[in-house]
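**Q** Input: one structure, supplied below.
Protein chains: 2
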Amino acid sequence: MKINPLDERVTMDHVARLSGYSKATVSRVINREHSVKPSTVAKVEEVIRTLGYTPNSAASALSGGKSRTVAMLLPDVLTEYYASLLTGAEGVAEEKNYNLLLKTRSNKRGLDALVHGRKVDAFIIRSNGLDAVAHDFLISLRRREIPFLFIGRPPAGIDSPAVLIDNVGGSRQMAHHYAGHHFKSILFLAGLESNFDSNDRLYGFKMGLSEAGYHPDAFEVRFGAFTRELGYANAKTALAERHYDAIFAANDQIALGALQYCREAGIRVPQDLAITGFDDSYFSEFLSPSLTTVRQPMHDIGVVAMETIVKIIELGDARDHQVILPTRLMVRQSCGCPIGD
Amino acid sequence: MKINPLDERVTMDHVARLSGYSKATVSRVINREHSVKPSTVAKVEEVIRTLGYTPNSAASALSGGKSRTVAMLLPDVLTEYYASLLTGAEGVAEEKNYNLLLKTRSNKRGLDALVHGRKVDAFIIRSNGLDAVAHDFLISLRRREIPFLFIGRPPAGIDSPAVLIDNVGGSRQMAHHYAGHHFKSILFLAGLESNFDSNDRLYGFKMGLSEAGYHPDAFEVRFGAFTRELGYANAKTALAERHYDAIFAANDQIALGALQYCREAGIRVPQDLAITGFDDSYFSEFLSPSLTTVRQPMHDIGVVAMETIVKIIELGDARDHQVILPTRLMVRQSCGCPIGD
DNA sequence: CTGAAAGCGCTTACAG
DNA sequence: CTGAAAGCGCTTACAG
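Heads up: the protein sequence lines correspond to chains A and B, in order.
Taking this note's numbering, the leading residue of the first sequence gets 260, the next gets one more, and so forth.
Taking this note's numbering, the leading residue of the second sequence gets 260, the next gets one more, and so forth.
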């Protein structure tokens, strides 16, 4: 009755011997091929359990199987947004028995090695527009039939599954909310000019304002980046030039910076100036005033991304997978609404 | 002159053929064995470069070599501290051509699979005391001679390399600073009673107060957890019972919660009550008042952890590696010091 | 200092 | 529905 002996690794061969089937059949059971007789599956799985067998993924990968790991490419992991993506994805990976390889500074050579070494089955890619993943790397993935999925819009010319959020819809809602407040002069503090998210938010906001009957002159834009520092600096410069009733920041960090400037400058929010954001970062509701913002489901984006890529790995490519997750206006106090916590 | 042909994978065999040496020698060159003649190394490396060869790590792992990947076990990745560790470690990994596998909810079975599948060469482990990694898992790593390293104190009974910070020294400095302010009644808001960091900070603080001639009665402790919520709640309860001159929070989140309570309750900081923290989180200097706190080098801890584990992997075990990184008092405004930004 | 050969633990046509 | 056998691309004694 020596079950799961301490030191020897149990291999597929042990399972085969003890179950009375061949390694080929055991392999088929493990990979859930449909050709195996149900009673066989049952017996083999029983033996696997009693032996505590776990497949050697190096061997599996080497012989053409899957590595059960996916690489996630992220600009960084210190901002709430990226950390949330990672958390969501990692949770699903764990649940589905996948491993998650993290890369933040994706160097082409290292990525090639991952592919060649069969270390990963697929890639989840989130870029911030600046650190764009090399176009030809994506092409090479395509050629080798290694699936990848983008969080956010894929680069021009690359047709890829993607998980997106409704940037346009969210900002449009914000615009209509602004109309309800009868703001007359409005400033949009954007991110980088090259940032897709920022641009989509700008687009949706403009659309909403126009729907609500605003004249283009009521509205100005200032580009910057998704950081508190740029929010502070741009708010300062803009407010020195003229008066605004409201600032819509393309993300909460920018809003935070603007808020900070106002506090220092003695500008009361929302009495003198309304400020709203986008993201619904964890700190938004703890600011004073609490921040009116558009919530995007950061964590769920990671979840859906991982679920989708696993589906693609296991069920084959599906180049048209494009999921768009909803966004939602969170009305709090910084827009001037009299809402308590 | 067909160099690095697009589609075929170049293997060690190609390198061997083109260089005129055997696979064995090529392998030795790649693994930097010292027995190889320098001129041979040069030739082989040249061929590797022109062919753009990258080793197949699945094959390497399977045949007993290294996988060049280390797994990092973390409670989560959403708090600044853990995200910083991860960032530091990932940077070094990238630089040294290692891969980083991330696990946040370490399930024993999944970890065993990593080990058995030869997917990782080593583990970096940071636990928060609650999610403690199974003792027998560590034992099994030891038996299989798979290196691991702890960030923070290893569990009782486990002798392991570790990267620590000077919790005691930092809190002791804080105590002496408190003495300079002549605070008479002091509250320490601790983390979980089981948390090593919290306990070490408490210990160092007590030591410092005692050195400064404080009577034990001047000082009280309240346990909680490293969260804003607990900071808020504990500050509220404690301050309802009696007056304190100062609160030393075991981390910045707790301090933040206390600060929030004070703001709501109309208690002026630092005029009515001083509040200080530990960590020097990125938000600390942007609070108002800016937070006096003890800085710990979060990012560097990750860096040193990865550097150390790589050294251990490549040079062999060194069970005594225990690095202690310094902490440093950051004096700002929340303690009552008249320091500008 | 270098090579021939066995072997790591799987997967996958190919047969039956 | 199942098995025998080749092969994936490395590493490592063993010889020389």
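Ideal placement from N, C-alpha and C gives every residue a C-beta, glycine not left out.
If you measure between the beta carbons of B/I417 and B/I560, is that distance less than 8 Å?
**A** Walking along the second sequence from the start, residue 417 of chain B turns up at place 158. Walking along the second sequence from the start, residue 560 of chain B turns up at place 301. No, the Cβ-Cβ distance between B/I417 and B/I560 is not below 8 Å.
**Q** Nearest chain A C-beta to B/E349 closer than 8 Å, yes or no?
**A** On the second sequence, residue 349 of chain B is found 90 positions in, with the first residue counted as 1. Chain A, which has a Cβ nearer than 8 Å to the Cβ of B/E349, makes this yes.
**Q** Using C-beta distances below 6 Å, list every residue in its chain close to B/A533, excluding the 5 sequence neighbours before and after it, in chain order.
**A** As a working note, residue 533 of chain B is residue 274 in the second sequence. A505, C594, G595.
**Q** Against chain A, which members of the stretch 502 to 524 of chain B pass a CB distance test of less than 8 Å?
**A** Those residues of the stretch 502 to 524 of chain B that come within reach of chain A (Cβ to Cβ, closer than 8 Å) are Q519, R522.
**Q** For B/L360, count the other beta carbons within 10 Å of its own beta carbon; 16 or more makes it buried, fewer makes it exposed. Which is it?
**A** In the second sequence, counting from the first residue as 1, residue 360 of chain B sits at position 101. B/L360 comes out buried.
**Q** Could you please tell me which residues of the stretch 341 to 369 of chain A, in chain order, have their CB closer than 8 Å to any CB of chain B?
**A** Answer set for the stretch 341 to 369 of chain A: A342, S343, L345, T346, E349, G350, E353, N356, N358, L359, L360, L361, K362, T363, R364, N366, R368, G369.
**Q** Rounded to whole angstroms, what's the CA-CA distance from B/Q487 to B/V374? Just pull it up for me.
**A** On the second sequence, position 228 is the one that residue 487 of chain B refers to. On the second sequence, position 115 is the one that residue 374 of chain B refers to. A small correction: the amino acid at residue 487 of chain B is Arg; Gln does not occupy that position in the sequence shown. Using only the alpha carbons, I get a separation of about 37 Å.
**Q** Can you tell me the Cα-Cα spacing of A/G601 and A/N358, whole angstroms?
**A** Beyond the ends of chain A as shown, which are 260 and 600, falls residue 601 of chain A; an answer cannot be given.
**Q** Does DSSP classify A/I262 as helix, strand or coil?
**A** Along the first sequence, one-based indexing puts residue 262 of chain A at 3. Since pLDDT at A/I262 reaches only 33, below the 50 mark, its modelled position is unreliable, and the value read off the structure follows with that caveat. Coil at A/I262, not helix or strand.
**Q** Give, in chain order, every residue of the stretch 368 to 388 of chain A whose Cβ lies closer than 8 Å to some Cβ of chain B.
**A** Within the stretch 368 to 388 of chain A, the residues whose Cβ lies closer than 8 Å to some Cβ of chain B are R368, G369, D371, A372, L373, H375, G376, R377, K378, listed in chain order.
**Q** Consider the Cβ of B/D266: report whether some Cβ of chain A lies at a distance smaller than 8 Å.
**A** On the second sequence, position 7 is the one that residue 266 of chain B refers to. Bear in mind that the predicted position of B/D266 carries a pLDDT of just 43, short of 50, making it unreliable; the figure below should be weighed with that in mind. Yes, contact with chain A.
**Q** DSSP three-state call for B/I383: helix, strand or coil?
**A** In the second sequence, the residue the question calls residue 383 of chain B occupies position 124. The answer is strand: DSSP assigns B/I383 an E or B state.
**Q** In whole angstroms, what is the alpha-carbon distance linking A/S343 and B/E305?
**A** Here residue 343 of chain A is taken as the residue at index 84 of the first sequence, counted from 1. Here residue 305 of chain B is taken as the residue at index 46 of the second sequence, counted from 1. So the alpha carbons of these two residues sit roughly 43 Å apart.
**Q** Using 10 angstroms around the beta-carbon of A/D272, count the other beta-carbons present and answer buried if the total reaches 16, otherwise exposed.
**A** Looking up residue 272 of chain A in the first sequence gives position 13. Result: exposed.
**Q** Check A/V553 in the structure and name its three-state DSSP category.
**A** Taking the first residue of the first sequence as 1, we reach residue 553 of chain A at position 294. In the structure shown, A/V553 sits in a strand (DSSP, three-state: E or B).
**Q** Excluding the five sequence neighbours on either side, which residues of its own chain have a C-beta within less than 8 Å of the C-beta of B/A517, listed in chain order?
**A** Mapped onto the second sequence, residue 517 of chain B falls at position 258. Result list for B/A517: L448, G490, Y491, N493, A494, I506, A508, I534, in chain order.
**Q** Any beta carbon of chain B sitting closer than 8 Å to that of A/V336?
**A** The count along the first sequence starts at 1 and reaches residue 336 of chain A at position 77. For A/V336, the answer is yes, since a Cβ of chain B falls inside 8 Å of its Cβ.
**Q** Please decide whether A/N315 counts as near chain B, where near means a Cβ-Cβ distance under 8 Å.
**A** Indexing the first sequence from 1 puts residue 315 of chain A at position 56. So, interface residue.
**Q** What are the partner residues of A/K362, as DSSP defines its beta bridges?
**A** Here the question's residue 362 of chain A lines up with position 103 in the first sequence. DSSP, once it has assigned bridges, lists A/L332 as partnering A/K362.
**Q** Whose CA, out of A/G428, A/Y541, A/S540, lies closest to the CA of A/R587?
**A** Here residue 587 of chain A corresponds to residue number 328 of the first sequence, with the count starting at 1. The option with the nearest alpha carbon to A/R587 is A/G428.
**Q** Strictly below 8 Å CB to CB, what residues from chain B border A/L321?
**A** One-based indexing of the first sequence puts residue 321 of chain A at position 62. Those are N315, A317, A318, L321, listed as they occur along chain B.
**Q** Three or more C-beta pairs closer than 8 Å, one from the stretch 389 to 407 of chain A and one from the stretch 374 to 386 of chain B: is that the case here?
**A** No contact exists between the stretch 389 to 407 of chain A and the stretch 374 to 386 of chain B.
**Q** Based on the DSSP secondary-structure assignment, which residues constitute the bridge partners of A/E479?
**A** Along the first sequence, one-based indexing puts residue 479 of chain A at 220. In DSSP, A/E479 forms a bridge with A/L446.
**Q** With C-beta atoms as the reference, is A/P548 less than 8 Å away from A/V528?
**A** The residue you call residue 548 of chain A lines up with position 289 of the first sequence. The residue you call residue 528 of chain A lines up with position 269 of the first sequence. Yes, these two residues count as a Cβ contact at 8 Å.
**Q** By alpha-carbon positions, which one of A/S319, A/A372, A/L345 ends up nearest to B/Y312?
**A** Within the second sequence, residue 312 of chain B is the residue found at index 53, counting from 1. If we check each option's Cα against that of B/Y312, A/A372 comes out closest.
**Q** Counting C-beta neighbours from all protein chains within 10 Å, is the total for B/D476 16 or more, i.e. buried, or is it exposed?
**A** As a position in the second sequence, residue 476 of chain B is number 217, starting the count at 1. It is exposed - the Cβ of B/D476 has fewer than 16 other Cβ atoms within 10 Å.
**Q** Quick check on this structure: which residue in A/R403, A/V590, A/R385, A/D531 has the alpha carbon closest to the alpha carbon of A/P420?
**A** Position 161 of the first sequence, counted from the start, is the residue given in the question as residue 420 of chain A. Among A/R403, A/V590, A/R385, A/D531, the Cα nearest to that of A/P420 is on A/R385.
**Q** What did DSSP end up calling A/V303 once you bin it into helix, strand or coil?
**A** Indexing the first sequence from 1 puts residue 303 of chain A at position 44. In this structure, A/V303 counts as helix in the three-state DSSP scheme.
**Q** Compute the Euclidean distance between the alpha carbons of A/R401 and B/A317, then round it to the nearest angstrom.
**A** One-based indexing of the first sequence puts residue 401 of chain A at position 142. One-based indexing of the second sequence puts residue 317 of chain B at position 58. Using only the alpha carbons, I get a separation of about 21 Å.
**Q** Give me, in chain order, the residues of the same chain whose beta-carbon lies closer than 8 Å to that of B/T567; leave out the 5 immediate sequence neighbours on both sides.
**A** Residue mapping note: residue 567 of chain B aligns to position 308 of the second sequence, counting from 1. Result list for B/T567: L408, P420, V422, H580, V582, in chain order.
**Q** From what residue to what residue does the beta strand (DSSP E) around A/D538 run?
**A** For the purposes of this step, residue 538 of chain A is taken as the residue at position 279 of the first sequence. Note, A/D538: beta strand (DSSP E), 533 to 538.
**Q** Pairs of beta-carbons, one from the stretch 335 to 352 of chain B and one from the stretch 291 to 302 of chain A, closer than 8 Å: are there three or more?
**A** Flag = no, the stretch 335 to 352 of chain B and the stretch 291 to 302 of chain A do not touch.
**Q** My guess is that B/R403 and B/N356 are in contact by the Cβ rule of under 8 Å, so how many angstroms apart are they, rounded?
**A** Stepping through the second sequence from its first residue, residue 403 of chain B is reached at position 144. Stepping through the second sequence from its first residue, residue 356 of chain B is reached at position 97. Going by Cβ atoms, the distance from B/R403 to B/N356 rounds to 24 Å, so no, they are not a contact pair.
**Q** By Cβ distance below 7 Å, which residues in the same chain neighbour A/I289 in space, the five residues on each side in sequence not counted?
**A** Translated into the one-based positions of the first sequence, residue 289 of chain A becomes position 30. Hits under 7 Å: P314.
**Q** Assuming A/G411 and A/G450 are in contact, meaning their beta carbons sit under 8 Å apart, how far apart are those beta carbons, in whole angstroms?
**A** Position 152 of the first sequence holds residue 411 of chain A. Position 191 of the first sequence holds residue 450 of chain A. About 12 Å; that fails the 8 Å criterion.
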